[in-house]
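Below: one structure, written as structure tokens.
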Amino acid sequence: MKIRFSILFFFLISILYFAQSISGKIIGENGEAISYVEIIVKRDSIKKATISDEKGSFSLKVPERGNYILEILDNGIKVFTNNFYINGDTIESIRLTKYNDRIIQEVVVNKKVVQQIGDKTYFNVENSVLSKGNNGLDILQKSPKLSINSEGIVLLKNRAATILVNGRKINLSGNDLNNYLSGLSSEDIKKIEIQDVGSVDQDASNTGGVINIILKNNPKGFRSINKMSYAFRKENATQYNSGLNLNYGNEKWNLYSDVSYNENQNYGWSTGIFNYNNGQKNINNGDLKFSNNNLGLRLGSVFYPNNKSSFGIEGYYNKNKTVLDGIQNLEIYNGNNQTVNSKGSSLFKTPSDLWYITMNYALKVDSLGSSLKFIGDIGKNNTQPFNDVYSEYPSNSTLNNHYLYKTNSVSSYYTGQFDWDQKFRNKWDLNTGVKFGSIRRDNLLKVDYLESGFWKEDLNQKQDFNNLENILAGYASISKTFGKHFIKAGLRIENTNIKGYNNLNNEELKQNYTKLFPSLYYKYDLKNEKSLSFSYKRSITRPSFRDLNPFVIKQNDFLYMIGNPNLQPLYLDDIEIGYNMKKHSFSAYGRKTINTILGVYFTDKDLINFYQPQNFGQYYETGIDHSYNGNITKWLTTNISSGVYYNSFKANDSGKKNSGASFYNNIYAQIKYSKTLLLELSSNYYHQYQYKNVTGANRYRMDISIRKTLMNGNLLALFKVVDLFNTERDKNISHYKDFNFDFYQKWQTRGFLISVQYTLDNKNKIKAGSVKSDNDTRGRL
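Residue numbers (numbering that gives the first Met the number 0): 0 to 780.
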């Protein structure tokens with residue numbers, strides 16, 4: 000027994016003696032975390048190395064206690080060295096102060112532009128040539144794996160992505176989102192985080208990838224950016240943009256503001272043909288005029304009480320007015336005989352006022368980078384669509400009619416979110432949180448018609464309804480890096496409670512359901528920055544309030560839009576296998592969607608057309624995506640995304656199938672003639688494709704631009720030719736049980752753009768803070 004105890008005693012002593020470690024955090028001169036630098040500890044033949052994480056934290060185990068040399072390298076450049084005595088578990092916070100200007104310049108120049116870390120791709124904008132003279136949309140278009148289609152939708156691997164700014168989802172969509180992103184300046188963007196498949200810390204309604212725009216902590220002092228651009232397509236088809244960005248910072252505060260204004264006008268034409276199985280044909284064609292005026296204001300501040308916490312507040316206001324003026328002709332044929340001939344006009348106006356206020360508090364709780372974060376949002380969107388529709392029948396004036404549609408739609412929302420990220424020394428990471436969101440929408444539609452020279456209210460078309468949607472969510476995920484393996488698994492639970500009330504007929508709509516949404520990500524690192532990955536995610540798309548309301552809106556005498564109170568949410572299961580290289584990324588995926596929500600046309604016995612959102616069928620997607628981002632030569636940089644895919648759709652009503660294969664290719668190329676002169680080319684091609692019940696024609700667009708910097712980089716001039724070959728248009732066929740619908744639309748798209756930007760900055764010197772962390776908190780909302 001005594002011998003056994005002695006053996007055990009000496010065994011424990013040896014473990015305690017040899018199990019030494021050094022851990023801590025790398026911080027900058029002002030206390031900011033320094034991320035993704037290499038830490039090396041060495042003594043004689045012993046050499047251990049690691050990389051600091053996003054929070055600047057690191058941990059290293061060494062086999063024995065004693066004196067060691069600790070070095071910090073940034074992309075192979077030594078920026079720190081010192082002697083340490085390691086005795087047991089040693090904790091050190093290492094501060095990088097001002098050091099040799101030459102080293103700093105080398106660090107900035109050689110900093111990696113694209114990195115693969117965990118389940119994310121990082122595009123370090125501040126280290127790229129795109130860091131000046133671009134807005135937020137420009138940066139996204141030129142980021143790895145990303146592209147923007149003709150509707151302005153940001154695509155990740157050819158799918159719409161969720162947009163975040165500093166981890167906070169932007170509760171905007173369509174033109175509102177584009178206006179917000181266009182108001183951001185590349186000078187304010189530190190990096191873009193690109194996540195191919197969203198994790199459980201994001202809303203389950205995220206069906207695609209996630210793009211997180213990280214804004215940086217601007218240099219201390221004052222800076223202003225003045226921007227102005229003018230685009231000419233044809234007479235009466237022009238666009239004007241202007242913007243002013245102001246930023247001021249000191250040791251404790253950052254104050255920032257943006258104001259932007261743009262005017263856009265255009266014109267075009269469209270044709271829509273209903274081809275019925277019984278031989279009838281409805282032909283709608285006409286001319287369109289479009290105008291849009293937009294004013295955006297953003298004001299925010301971030302307060303740093305100490306080096307562990309930050310508080311931010313931001314307000315945003317947007318005033319927008321869109322006008323669509325159209326003249327249409329309607330012809331109905333039964334065989335070769337024309338049965339109806341109608342001429343009409345439609346004036347559609349959509350003024351809107353949108354605002355939100357968001358607050359954020361973040362607290363670092365330990366030296367490993369663990370943190371607590373709270374985000375709160377409150378906002379309101381007031382839109383007042385107005386539609387003036389006139390129909391004239393030359394052969395029978397008794398059918399002439401004139402309608403006015405006046406809508407008042409007010410959406411109010413608030414959200415609260417609490418997140419806890421706990422990091423452990425053994426590279427475990429626990430992330431958990433809760434979120435509550437509430438949205439209320441009030442809708443009033445008043446319809447008037449002209450009769451005998453007097454306006455009368457059409458009570459049959461009047462709508463007055465309210466909706467309230469509450470979503471309570473909780474999630475937990477855990478990740479671990481062990482050797483060459485990285486795994487992240489999570490589960491999200493969401494309860495959705497919807498209540499709708501029709502104030503005219505006292506009908507109530509209620510839906511209450513709770514669903515689980517799992518996710519899994521695994522990555523195995525190979526040699527030379529190569530890796531294999533696998534991911535799975537389940538997500539949901541809920542019907543909009545408008546779709547759930549049993550409204551009826553008349554478009555013309557032969558087309559009505561109606562709601563669907565029985566609409567159910569759709570569910571998407573997504574599986575993906577990936578292979579990443581230093582500059583290339585490949586992925587193969589399979590997706591299944593049930594209860595697909597589509598706007599569906601159908602007819603009654605009188606061949607009147609109705610358009611209604613429905614759970615229309617099941618949709619299957621398979622494909623292979625490829626992306627490339629990097630320098631081909633010293634003067635040529637490219638961002639290429641392409642893919643081939645096969646989609647299959649089966650309709651519920653008829654069992655009709657629509658399937659086919661296609662491919663796409665998006666190219667951004669940058670040619671550097673000199674340090675101050677760049678040539679840029681952007682090309683987007685989509686081959687004929689099958690999307691659910693739609694067969695779309697091929698689409699192509701090419702833009703080319705020249706960018707010149709002057710006055711030591713403070714003045715930037717841009718000349719751009721948009722849609723060089725005038726090929727951008729919409730053309731597709733929708734397939735239904737009783738008919739097919741052919742659609743074609745063409746706007747004025749080819750033209751040129753001239754842009755000028757001037758930057759006034761009182762801080763031009765590079766400081767030790769050039770080596771920044773991912774933990775910048777300016778505008779972290």
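Every residue, glycine too, gets a C-beta built ideally from N, C-alpha and C.
Quiz item: Can you list the beta strand (DSSP E) stretches of 3 or more residues lying completely in the stretch 587-662, in chain order?
Solution: 608-630, 635-650
Self-check item: Length at least 3, wholly inside the stretch 682-761: the beta strand (DSSP E) runs in chain order
Solution: 688-690, 693-695, 698-709, 714-721, 729-734, 738-746, 750-760
Quiz item: Between which two residues does the alpha helix (DSSP H) containing Ile-138 stretch?
Solution: 135-140
Practice problem: Just grab the DSSP bridge partners of Asp-321 for me. | Solution: Per the sequence shown, residue 321 should be read as Thr rather than Asp. Beta-bridge pairing links Thr-321 to Asn-291, Thr-349.
Practice problem: Could you tell me the distance, in whole angstroms, from the CA atom of Ala-159 to the CA atom of Val-196? | Solution: Their Cα atoms are separated by approximately 12 Å.
Practice problem: Check Glu-262 in the structure and name its three-state DSSP category. | Solution: strand
Quiz prompt | Host beta strand (DSSP E) of Ile-33 (start-end) | solution = Here Ile-33 belongs to no beta strand (DSSP E), and DSSP marks it neither H nor E.
Quiz item: If you draw a straight line from the C-alpha of Lys-342 to the C-alpha of Asp-324, how long is it?
Solution: 14 Å
Quiz item: Thinking C-beta only, is Tyr-619 closer than 8 Å to Lys-591?
Solution: yes
Self-check item: Closest residue to Asn-725 among Asp-286, Lys-707, Lys-131, Lys-745 (Cα-Cα distance)
Solution: Lys-745
Quiz item: Using the C-alpha atoms, what's the distance from Lys-656 back to Asn-293?
Solution: Asn-293 and Lys-656 have their alpha carbons spaced roughly 42 Å apart.
Self-check item: One or two residues paired with Gly-562 in a DSSP bridge
Solution: The partner list for Gly-562 (beta bridge, DSSP) is empty, contrary to what the question assumes.
Exercise. Would you tell me roughly how many angstroms separate the C-alpha atoms of Leu-569 and Glu-493, rounded to the nearest one?
Key: 14 Å
Quiz item: Taking just the CA atoms, how far does Ala-48 sit from Glu-37?
Solution: 7 Å
Quiz prompt | Alpha carbon of Leu-245 to alpha carbon of Glu-313, nearest angstrom | solution = 14 Å
Quiz item: Considering only C-alpha positions, which residue in the set Asn-614, Arg-222, Asn-333, Gln-238 is nearest to Leu-254?
Solution: Arg-222
Practice problem: Confirm, please, whether the CB-CB distance from Asn-407 to Tyr-448 is below 8 Å. | Solution: no
Quiz item: In terms of DSSP beta bridges, what is Ile-116 paired with?
Solution: Lys-119
Self-check item: Backbone CA spacing between Asn-81 and Gln-115 [nearest angstrom]
Solution: 30 Å
Quiz item: Using the beta-carbon count (16 or more within 10 Å), is Tyr-685 buried or exposed?
Solution: By the neighbour-count criterion, in which a residue is buried when 16 or more other Cβ atoms sit within 10 angstroms of its Cβ, Tyr-685 is buried.
Quiz item: What does a CB cutoff of less than 8 Å around Leu-362 pick up in its chain, not counting 5 residues either side in sequence?
Solution: These residues qualify, in order along the chain: Lys-307, Ser-308, Ser-370, Leu-371, Lys-372.
Self-check item: Contact set for Leu-346: own chain, Cβ-Cβ below 6 Å, skip 5 residues either direction
Solution: So the qualifying residues of the chain are Asp-324, Asp-387.
Exercise. Starting from the C-beta of Glu-468, find all residues in its chain whose C-beta is less than 6 Å away, skip the five residues before and the five after it, and write them out in chain order.
Key: Ile-438, Ile-497
Quiz prompt | When Ile-90, Ser-204, Ile-210 are compared against Leu-145, the one with the closest alpha-carbon | solution = Ile-210
Practice problem: Find the nearest neighbour of Ser-682 within the set Asn-713, Val-721, Tyr-588, Thr-675, judged by alpha-carbon distance. | Solution: Val-721
Quiz item: For the candidate residues Leu-163, Ser-204, Leu-176, whose alpha-carbon lies nearest to that of Ile-191?
Solution: Leu-163
Quiz prompt | Those residues which DSSP pairs with Gly-220 across a bridge | solution = Gly-248
Quiz prompt | Boundaries of the beta strand (DSSP E) in which Lys-46 is found, first to last residue | solution = 45-50
Self-check item: DSSP three-state assignment for Val-124, whether helix, strand or coil
Solution: helix
Quiz item: Among Ser-530, Lys-509, Leu-458, which has the Cα closest to the Cα of Ile-866?
Solution: As displayed, the chain neither begins before 0 nor continues past 780, which places residue 866 out of reach and without an answer.
Quiz prompt | Expected contact under 8 Å - CB spacing of Gln-264 and Phe-289 to nearest Å | solution = 7 Å
Quiz item: Can the beta-carbon of Ser-185 be found less than 8 Å from the beta-carbon of Lys-226?
Solution: At least 8 Å separates the beta-carbon of Ser-185 from that of Lys-226.
Exercise. Specify the secondary structure class of Tyr-179 as computed by DSSP and reduced to three states.
Key: The DSSP-derived three-state label of Tyr-179 is helix.
Self-check item: Proximal residues to Tyr-520 (C-beta, below 6 Å), its chain only, five neighbours per side dropped
Solution: If we look at Tyr-520 and ignore the five residues flanking it on each side, its Cβ neighbours are Asp-118, Lys-487, Ser-534.
Exercise. Would you kindly work out how many angstroms separate the C-alpha atoms of Asn-465 and Asn-502, rounded to a whole number?
Key: 8 Å
Exercise. Mind checking who Asp-286 pairs with in its DSSP beta bridge?
Key: Residue pairing by DSSP places Asp-286 opposite Trp-268, Ile-326 in a beta bridge.
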